[in-house]
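Novice: In terms of this note's numbering, the sequence shown opens at residue 7 and continues consecutively. Below is the structure I would like to discuss, written out as structure tokens.
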Amino acid sequence: MSLVRICNCLGIDAQDDSYIQIKEGNASPMLETYTMTRPLMLLSTLLLFFLLPGCSALQGLIASIAPQSSINSHKQQSVLDQLTPTVRKDFEQLTGLRHSDLLAAHETVEKVPAQFKRRLIVEALKQPWGGLTDLERQGLLLAEMAAGGSINLPALLDVLEAGMDRTSTFYKPIPLPTSSSHEELLAFLVGSLEQASLHRDKALKNLTEAERRFLFLHAGSIAEHFLPQVSNLSDRTGARIKADLRFAELLEGQVDYASLIAAAQVLARLANERWLQQVAAAWIKPLPASAVPPGVTGDVLLVQETSYGLIIIGGPGPNTYELDKYIGLIIDVGGNDLYRGMIASSVNEEQGNAVVIDLNGDDTYAGAPLGLATGRLGVGLLIDHDGDDVYQLGMGSGGAGFGGLGILFDTNGDDVYMGNRLTQGAAIGGLGLLLDAAGNDRYTSHGFAIGFGGPLGVGAVIDISGNDHYQCGDTYPSAYNAQDAPNGKPGDPLYQFDCFGLGAGSGQRILTKKIEWQTHSLAGGWGILLDIEGRDHYESANFSQGQGYFFGAGMKLDLDGDDEHHAARYGHGASAHYGVGLFIDRQGDDRYGSSGPFYNGGVAWDSSVSLMIDAGNGRDTYDFDHSTGLGRADYASWGLFIDDGGTDQYQAPSGFGDSAEKSVAGFFDLDGKDTYRLPPDALIPDAVRPGNGKLFFHPQGGIFVDR
């Protein structure tokens with residue numbers, strides 16, 4: 007089996023060293039660094055393609071070239087792999103018949119009315135430990151890809167899309183320029199836009215003009231109106247539900263999505279820093295003011311008309327870009343710039359792709375709704391290479407995909423992301439990615455954000471380093487207020503908001519007894535929040551931090567640092583109604599808290615699967631005195647909590663591995679002298695009272711283990 011054949015299967019030209027970037031001799035420092043990550047990247051991508059239907063050239067080869075230890079780790083082995091001999095065996099044996107009965111019941115999940123279920127999520131529901139292990143492994147692959155920088159961006163898209171059973175079509179990368187001549191650099195720019203446009207045209211060739219317009223316009227309706235559960239079937243709501251189903255059916259049945267991925271990968275190669283520096287050095291003379299397009303101020307070095315939109319190169323000083331026209335590509339070489347309007351986003355269904363690249367400066371981006379790094383029937387790509395930037399994100403933006411791929415990549419600086427709904431790595435019917443490589447960053451949002459995957463969507467926020475702050479909620483009142491705080495108002499202790507973010511996946515559940523409407527339910531996608539390094543702070547409202555809802559999967563991985571995780575109801579690895587939730591903090595002395603009133607920390611409701619793990623030997627504090635959980639499952643669900651070690655403090659009124667209604671749950675603390683503080687009025691018999699060195703069964707079958 008030749009390397010050429012493998013590369014062809016992955017959409018890589020084996021003869022194109024501008025992509026493979028593995029040379030002998032006088033490689034630059036950037037290339038020398040890249041040669042360390044590229045083999046691991048290739049093996050990782052091979053694994054993903056092996057797991058999915060597709061290239062047979064890979065399937066007979068993977069076992070011999072991809073050792074398990076090299077593809078499952080980011081700095082160390084998968085946590086779930088490590089815990090398999092110490093926890094999985096005991097948990098499954100101790101819960102015994104209940105566990106096997108639950109797995110048998112979950113074998114029927116594919117028969118539940120919900121369109122477009124995804125393999126990764128269904129497998130986690132049917133085989134929880136194995137399925138959750140696959141989710142974690144994919145998360146570690148994402149960490150490996152992201153740490154490789156801009157040159158790994160095309161492969162990173164492959165890993166994300168693989169989780170949604172999607173792969174890219176073949177494309178032959180255009181070689182990077184070998185000289186700094188205007189002609190060669192411009193040929194590469196125009197050629198990249200052309201190649202991406204051709205892939206986009208191929209993706210949409212089976213759609214009529216009316217269908218394209220419907221998909222483009224309905225993306226706005228979805229961004230504005232999406233809800234995880236619909237129970238009020240009014241005429242208006244019913245029409246919207248039918249339109250949502252049509253949107254999904256057209257994307258799944260008539261759009262060649264593999265070609266959309268290829269278009270994004272072609273454009274992602276524009277992030278290459280080496281050739282961008284060539285661009286900055288090649289154009290230095292400003293154009294006369296008469297040649298500057300309307301809406302643009304400051305020095306402009308190049309304006310080029312193309313069939314794919316204007317190409318503009320902005321100068322090293324401050325510029326303003328008012329973007330409401332067909333802009334194919336902006337490259338700004340420096341200065342504190344202001345961008346407003348449709349930034350790296352399509353203005354109509356005729357415009358396929360839009361790219362903005364800013365090389366330096368403390369910039370402000372004020373995007374319109376669906377107007378900042380938004381992929382809508384195409385690709386929206388924004389790359390900011392340096393500076394302390396502010397992103398003011400309207401609805402449906404900030405690395406968001408609706409029938410397309412939206413990518414926001416910020417490589418450096420202390421950045422602020424201020425979001426509305428469906429922002430910051432959010433997608434319904436596409437891919438949304440926000441990748442931040444460095445800096446102490448702040449992410450805020452209203453909801454359905456910061457790593458949210460709706461139906462047919464994969465949404466991810468990946469932050470590589472820095473002490474970051476994440477917030478989601480405080481905008482959309484929760485339906486639980488009708489029962490828990492009927493006379494409450496914002497600020498009252500029992501008043502709740504919904505988030506659905508910080509690594510959340512959700513479907514659209516049509517809650518009705520009318521069978522004809524149940525078939526309009528849409529299964530959820532995959533939402534990811536991955537923070538690789540730093541002392542981070544997370545705070546969120548209901549349904550967040552590794553949360554899955556209605557055939558959606560939510561995953562939150564924090565790989566290093568002393569962190570604070572605060573979430574309300576259904577947080578820290580939680581799921582409901584056939585959802586899958588995974589939360590793992592790998593290292594550090596961490597603090598966990600919740601405003602409650604219920605369900606935090608490896609908790610699952612109604613045929614769902616959830617797992618929370620705090621790995622390592624950190625001194626952790628679980629302040630859940632206003633909530634319940636730490637391993638809890640109800641109504642044919644699977645919920646598990648594991649603390650790997652350390653001197654820990656636990657405070658919660660109930661949970662600790664409890665289960666009910668044909669469910670299985672477990673609490674495992676594997677090492678350390680721990681403190682358990684229960685409320686003074688907690689009426690818990692000594693036989694089932696948590697404590698060091700105890701093992702006991704809850705009356706309905708859950709298990710508590712402190713070693």
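Ideal placement from N, C-alpha and C gives every residue a C-beta, glycine not left out.
(1) Using 8 Å as the cut-off, can you tell me whether the segment 123-136 makes contact with the segment 602-609, which would need three or more C-beta pairs spanning the two stretches below that distance?
(2) Quick check on this structure: which residue in Leu-441, His-572 and Ser-237 has the alpha carbon closest to the alpha carbon of Ile-534?
(3) Can you check whether the CB of Ile-228 is closer than 8 Å to the CB of Ile-456?
(4) Under three-state DSSP, which class holds Gly-136?
(5) Are the C-beta atoms of Pro-496 and some chain C residue less than 8 Å apart?
(6) How would you label Pro-35, buried or exposed, when you count the other beta carbons within 10 angstroms and need 16 or more for buried?
(7) Ala-270: beta carbon under 7 Å from a heavy atom of the ligand COA?
(8) On the criterion of 16 or more Cβ atoms from any shown chain inside 10 Å, does Ala-193 qualify as buried, or is it exposed?
(9) Helix, strand or coil for Lys-331, going by three-state DSSP, please let me know.
(10) Can you tell me whether Val-118 is helix, strand or coil according to DSSP?
(11) How close, in whole Å, do the beta carbons of Gly-404 and Gly-381 come, if the pair is a contact with beta carbons under 8 Å?
(12) Among Asp-631, Leu-646 and Gly-622, which residue has its Cα nearest to the Cα of Ser-616?
(13) Does Asp-474 pass the burial test, meaning 16 or more other C-beta atoms within 10 Å, or should it be called exposed?
(14) Which residue from Leu-204, Ser-669, Trp-135 and Gly-377 puts its Cα closest to that of Ala-225?
(15) Just list the residues that DSSP pairs Ala-274 with in beta bridges.
(16) Within the segment 153-195, note down every full alpha helix (DSSP H) run reaching 4 residues or more, in order along the chain.
(17) Please give me, in chain order, every unbroken run of the beta strand (DSSP E) with length at least 3 that falls completely inside the segment 605-636.
(18) In terms of residues, what are the limits of the alpha helix (DSSP H) holding Phe-253?
(19) Are at least three pairs of beta-carbons, each pair with one atom in the segment 268-281 and one in the segment 151-162, less than 8 Å apart?
(20) Since I believe Ala-547 is in contact with Gln-502 (beta carbons under 8 Å), could you give me their beta-carbon distance rounded to a whole number of angstroms?
(21) Sorted by chain position, which residues of the same chain lie with C-beta nearer than 7 Å to Gly-453's C-beta, five sequence neighbours on each side aside?
(22) Could you spell out the range, first to last residue, of the alpha helix (DSSP H) harbouring Thr-101?
(23) Between Ser-351, Gly-169 and Asp-421, which has its C-alpha nearest Glu-142's C-alpha?
(24) Do Asp-626 and Asp-677 come within 8 Å of each other at the CB atom, strictly closer than that value?
(25) Where does Gly-707 sit, in a helix, a strand or coil, going by DSSP?
(26) Going by DSSP, which residues form a beta bridge with Cys-478?
(27) What residues match up with Trp-644 in a beta bridge as DSSP calls it?
(28) Which runs of the beta strand (DSSP E) at least 3 residues long sit entirely within the segment 476-537? Give them in chain order.
(29) Kindly list the residues whose CB is nearer than 8 Å to the CB of Ser-527, restricted to its own chain and excluding five residues on each side of it in sequence; keep chain order.
(30) Please tell me whether Asp-369 and Asp-390 are closer than 8 Å, where the distance is taken between their beta carbons.
(31) Quick check: what's the CA-CA separation for Ser-156 versus Gly-301?
(32) Measuring alpha carbon to alpha carbon, tell me which residue in Asp-680, Tyr-682 and Phe-673 is nearest Leu-100.
(33) At the level of alpha carbons, what is the spacing between Leu-588 and Trp-135?
(34) Asp-675 and Asp-654 - do their beta-carbons sit closer together than 8 Å?
(35) List the endpoints of the continuous alpha helix (DSSP H) containing Glu-355.
(36) For Gly-519, tell me which candidate among Gly-497, Leu-239 and Leu-195 has the shortest Cα-Cα distance.
Specialist: Well, looking at it:
(1) no
(2) Leu-441
(3) no
(4) helix
(5) No chain C is present in this structure, which holds just one protein chain.
(6) Bear in mind that a pLDDT of 30 at Pro-35, under 50, signals an unreliable position, so the model cannot answer this.
(7) Absence of the ligand COA from the depicted structure is noted, as is the absence of any ligand whatsoever, leaving it without description.
(8) exposed
(9) coil
(10) coil
(11) With a Cβ gap of about 12 Å, Gly-404 and Gly-381 do not count as contacting.
(12) Leu-646
(13) buried
(14) Gly-377
(15) For Ala-274, which the question treats as bridged, DSSP gives no partner whatsoever.
(16) 159-168
(17) 609-611, 615-620 and 627-629
(18) 241-259
(19) yes
(20) 7 Å
(21) Arg-427, Cys-478, Gly-479, Thr-481, Tyr-482, Asp-504, Cys-505, Phe-506 and Gly-507
(22) 95-112
(23) Gly-169
(24) no
(25) coil
(26) Ser-451 and Ser-546
(27) Val-615 and Val-670
(28) 503-507, 510-512 and 532-537
(29) Pro-119, Ala-120, Gln-121, Gly-513, Gln-514, Arg-515, Ile-516 and Phe-556
(30) yes
(31) 30 Å
(32) Phe-673
(33) 11 Å
(34) yes
(35) Neither: Glu-355 is in no alpha helix (DSSP H) and is coded neither H nor E.
(36) A small fix is needed here, since residue 519 is Lys in this sequence, not Gly. Selected option, being the one with the closest Cα: Leu-239.
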